[in-house]
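Structure, as structure tokens:
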Amino acid sequence: MASPTATSPGQPGLRRTLGLWPVTISGVGIVLGAGIYVLVGEASADAGSATWVAFLAAAVLAAVTGFTFAELAGMFPEAGASAAYAEEAFGSRTGFITGWLDVTVNVVGAGAVALGFGGYAEDLFGWDQRAVAIASITVCGVIVYAGIRETAGLAMLFAVIEGGGLLIVIAVGLPDLPPSPFFDVPHGMKGILAATALVFFAYEGFEEMVSLSEETTDPTSTIPRAVLLAVGITSVFYLTVAMVATAVVPWQELSVSAAPLALVVRTAANDRLADALSVIALFATFNTVLLLLATGARITYGMAHRRLLPRVLGAVSGRSTPWVATLVLTIVAAAFVLSGNIAFVAQVTTFAVFGQFLAVNAAVIALRRSHRDQVRPFAIRGTVAGVPVTAVVGLASTLLFAAFMDRDALTIGAVALALGFVVSLFMLRQREV
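Sequential numbering from 8 applies to the sequence shown in the working numbering.
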């Protein structure tokens, strides 16, 4: 019997083949990538040995916004994800710009993580970082074209491997936890907030799980549970690893390392195990690139399906994959590799994530009033005057952390946002024709 598709009969569509754990582990696979393997060192320059506090603060924002995505995914189970939610709540222009930011997250994020992959490859084998990064994006694009089942299967395997790498870090570093000065903060609260704005990139990805809705069996039930599971699993990993890393290696050394977790293992154990961790880091970063391209292509497909982007981007291949969207995103992601600066590209990605989170948290509040009678398979508990408290916390914390982002990244992000607004003028006019 053929797998059901997500579009109407007679139209080529995406096949519903994914259950709870493939979707959950795909989300974990996106999140457990370059963020923890690369940025824990960058964050320690701002937060010192209290880097774990920055990860905890970022986890809170991820969790409260995870509840928002869980409710909205149950209401509107489609690949357009954030764009669909914003359009339902605020209209086409806000929907387009939110979707634009969502695609930016995937494209720029894939470039940042690919640079992390190239960095570990350069450290291990002496290969050119940018060339390896571009090659990794190209290979990932080919895998995504092969199909969602193949992509998710490989992602599940790699997620297990990268999770094993973090368990190695935890195992070798736990004995060093007691003597560590966990509150040696070189730049005070300002440093912790700046580190939080940076490390939130490490949590980027759980919201992209929603883009798999049109390929998920029973999405109104599966997607909300998968989102909350993925946020919970990754938060436990991140907090423990951040505490261990700053306990084993002084933050002054950790902050200048290109391969911080490998340095932790080398210090706590030996060179051979550290080299093994560097290999695992290659799997972790490759996996994140793979899943960012896969979910980004489906977000683009969903926007094209809603006529928020050119219809050609919604073209589906004989393998039931959005092949034009995959090709375009692969090329653009490879172009971002040329910047060569992981921290900067991560900050630009975080700007787009914050913009997206502002839109969806505002949307879940607005839809509580405009769509009161719509069925909500998952409804956020804890409201004041009908407004979900977690959504308000999500809005406030997003604005707070955004204020401590790198100024250049804010400028580039604002330019990208303005460009999205200009493009929306053309696309929405075409939509009305």
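Idealized CB from N, CA, C, for every residue including glycine.
Expressed to the nearest angstrom, what Euclidean distance is found between the alpha-carbon atoms of residue 220 and residue 228?
The sequence position of residue 220 within the sequence shown is 213, counting from 1. The sequence position of residue 228 within the sequence shown is 221, counting from 1. In a straight line, the C-alpha of residue 220 is about 10 Å away from that of residue 228.
Count the other CB atoms, across all protein chains shown, that sit within 10 Å of the CB of residue 143; report buried if there are 16 or more and exposed otherwise.
Stepping through the sequence shown from its first residue, residue 143 is reached at position 136. Under this definition residue 143 is a buried residue.
Indicate the three-state DSSP secondary structure (helix, strand or coil) for residue 382 in the structure shown.
For the purposes of this step, residue 382 is taken as residue 375 along the sequence shown, with counting starting at 1. Looking at residue 382 - three-state DSSP - the assignment turns out to be coil, as it is neither helix nor strand.
Here's a check: name, in chain order, each residue in its chain whose Cβ is nearer than 7 Å to the Cβ of residue 119, leaving out the five neighbours to either side.
Within the sequence shown, residue 119 is the residue found at index 112, counting from 1. Within the same chain, residue 119 has close Cβ partners 41, 349, 352, 353, 356.
As a quick exercise: from 132, 252, 359, 302, pick the residue whose alpha carbon is nearest that of residue 56.
Along the sequence shown, read from residue 1 onward, the residue named residue 56 stands at position 49. Per the Cα distances, 252.
Terminal residues of the alpha helix (DSSP H) in which residue 325 lies:
Numbered from 1 along the sequence shown, position 318 holds the residue referred to as residue 325. That residue, residue 325, is in no alpha helix (DSSP H); it is neither H nor E in DSSP.
Considering just the uninterrupted stretch of the alpha helix (DSSP H) at residue 32, what are its terminal residues?
On the sequence shown, residue 32 is found 25 positions in, with the first residue counted as 1. Start and end: 27–38.
As assigned by DSSP and simplified to three states, the class of residue 305:
Mapped onto the sequence shown, residue 305 falls at position 298. Residue 305 falls in the helix class under three-state DSSP.
Pair within 8 Å by beta-carbon distance, residue 104 and residue 433:
Along the sequence shown, read from residue 1 onward, the residue named residue 104 stands at position 97. Along the sequence shown, read from residue 1 onward, the residue named residue 433 stands at position 426. No, these two residues do not count as a Cβ contact at 8 Å.
Close Cβ partners of residue 370 (< 6 Å) along its chain, the five nearest in sequence each way excluded
Position 363 of the sequence shown, counted from the start, is the residue given in the question as residue 370. Around residue 370: 92, 93, 96.
Pull up the distance between the alpha-carbon of residue 157 and that of residue 272, whole angstroms please.
If you number the sequence shown from 1, residue 157 lands on position 150. If you number the sequence shown from 1, residue 272 lands on position 265. Roughly 32 Å between the two C-alpha positions.
Evaluate the contact criterion for the region 251–271 versus the region 122–130: three or more CB pairs, one atom per stretch, below 8 Å.
yes
First and last residue of the uninterrupted alpha helix (DSSP H) at residue 243:
Along the sequence shown, one-based indexing puts residue 243 at 236. Where residue 243 is concerned, the enclosing alpha helix (DSSP H) stretches over 226–255.
Closest to residue 175 by C-alpha separation, out of 133, 345, 275, would be which residue?
Translated into positions along the sequence shown, residue 175 becomes position 168. The candidate whose alpha carbon is nearest that of residue 175 is 275.
Distance between beta carbons of residue 254 and residue 184, contact taken as under 8 Å
As a working mapping, residue 184 is identified with position 177 in the sequence shown. As a working mapping, residue 254 is identified with position 247 in the sequence shown. Confirmed, about 5 Å.
Taking DSSP as the reference, what is the three-state secondary structure of residue 263?
As a position in the sequence shown, residue 263 is number 256, starting the count at 1. Three-state result, residue 263: coil.
What is the C-beta distance between residue 235 and residue 69, in whole angstroms, given that I count them as a contact (C-beta under 8 Å)?
Taking the first residue of the sequence shown as position 1, residue 235 is located at position 228. Taking the first residue of the sequence shown as position 1, residue 69 is located at position 62. Not quite, the Cβ-Cβ distance comes to about 10 Å (not below 8 Å), so this is no contact.
Residues that residue 391 bridges to, as DSSP identifies them:
Within the sequence shown, the letter at position 384 stands for residue 391. In the DSSP output, where bridge partners are listed per residue, residue 391 has 394.
Excluding five sequence neighbours on each side, which residues of the same chain lie with their C-beta closer than 6 Å to the C-beta of residue 409?
Numbered from its first residue, the sequence shown carries residue 409 at position 402. Closer than 6 Å at the Cβ level, and outside the excluded window around residue 409, lie 361.
Does the separation of the CB atoms of residue 307 and residue 110 fall below 8 Å?
If you number the sequence shown from 1, residue 307 lands on position 300. If you number the sequence shown from 1, residue 110 lands on position 103. Cβ distance < 8 Å, so residue 307 and residue 110 count as in contact.
Check this for me: beta carbons of residue 335 and residue 315, under 8 Å apart or not?
The residue given as residue 335 occupies position 328 in the sequence shown. The residue given as residue 315 occupies position 308 in the sequence shown. Result no, Cβ atoms of residue 335 and residue 315 do not sit closer than 8 Å.
Between which two residues does the alpha helix (DSSP H) carrying residue 24 extend?
Locating residue 24 in the sequence shown gives position 17, counting from the first residue. Segment: none, residue 24 is in no alpha helix (DSSP H) and carries neither H nor E.
Residue 163: first and last residue of the uninterrupted alpha helix (DSSP H) it sits in
By 1-based counting over the sequence shown, the position of residue 163 is 156. Run containing residue 163: 155–180, per the alpha helix (DSSP H) assignment.
Going by C-alpha to C-alpha distance, which of 401, 425, 436 sits closest to residue 67?
As a working mapping, residue 67 is identified with position 60 in the sequence shown. With distances taken between Cα atoms, residue 67 lies closest to 401.
Checking 8 Å against the spacing of the C-beta atoms, do residue 130 and residue 285 come in under that value?
Taking the first residue of the sequence shown as 1, we reach residue 130 at position 123. Taking the first residue of the sequence shown as 1, we reach residue 285 at position 278. Yes, Cβ-Cβ distance for residue 130 and residue 285 is below 8 Å.
Buried or exposed, going by whether 16 or more other CB atoms sit within 10 Å of the CB of residue 422?
If you number the sequence shown from 1, residue 422 lands on position 415. So residue 422 counts as exposed.
Other residues of its chain near residue 200: CB distance less than 6 Å, five sequence neighbours each side excluded
Your numbering for residue 200 matches position 193 in the sequence shown. Taken in chain order, the residues that qualify are 411.
Best match in 214, 162, 310 for proximity to residue 102 [C-alpha to C-alpha]
Taking the first residue of the sequence shown as position 1, residue 102 is located at position 95. Closest by alpha carbon: 310.
So, with DSSP's three-state summary, where would you put residue 18?
Reading the sequence shown from its first residue, position 11 is the one you call residue 18. For residue 18, the predicted structure reports a pLDDT of 49, less than 50, and the residue's modelled location is therefore unreliable. A value from the coordinates is still provided. Residue 18 falls in the coil class under three-state DSSP.
Rounding to the nearest angstrom, what Cα-Cα distance links residue 244 and residue 435 in this structure?
The residue you call residue 244 lines up with position 237 of the sequence shown. The residue you call residue 435 lines up with position 428 of the sequence shown. Taking the straight line joining both Cα atoms gives about 43 Å.
Kindly indicate which residue of 28, 108, 45, 75 has the alpha-carbon position closest to the one of residue 384.
Position 377 of the sequence shown, counting from 1, holds the residue named residue 384. When each option's Cα is compared against that of residue 384, the closest is 75.
Identify which residue in 225, 232, 146, 90 has its Cα closest to the Cα of residue 431.
Translated into the one-based positions of the sequence shown, residue 431 becomes position 424. Checking every option, the nearest Cα to that of residue 431 belongs to 90.
Of the choices 107, 387, 48, 63, whose alpha-carbon is the least far from that of residue 81?
The residue given as residue 81 occupies position 74 in the sequence shown. Closest by alpha carbon: 387.
Own chain partners of residue 15 with C-beta closer than 8 Å, once the 5 adjacent residues on each side are dropped
To locate residue 15, count along the sequence shown from 1; it is residue 8. With a pLDDT of 44 at residue 15, under the threshold of 50, the predicted position of this residue should be treated as unreliable, though the coordinate-derived value follows. Excluding residues within five positions, none has a Cβ falling inside 8 Å.
Rounded separation between residue 169 and residue 392 - CA only:
Stepping through the sequence shown from its first residue, residue 169 is reached at position 162. Stepping through the sequence shown from its first residue, residue 392 is reached at position 385. If you take the alpha carbons of residue 169 and residue 392, they lie about 43 Å apart.
Distance, Cα to Cα, residue 180 vs residue 44?
Counting from one through the sequence shown, the residue named residue 180 turns up at place 173. Counting from one through the sequence shown, the residue named residue 44 turns up at place 37. Distance between the alpha carbons of residue 180 and residue 44 is about 15 Å.
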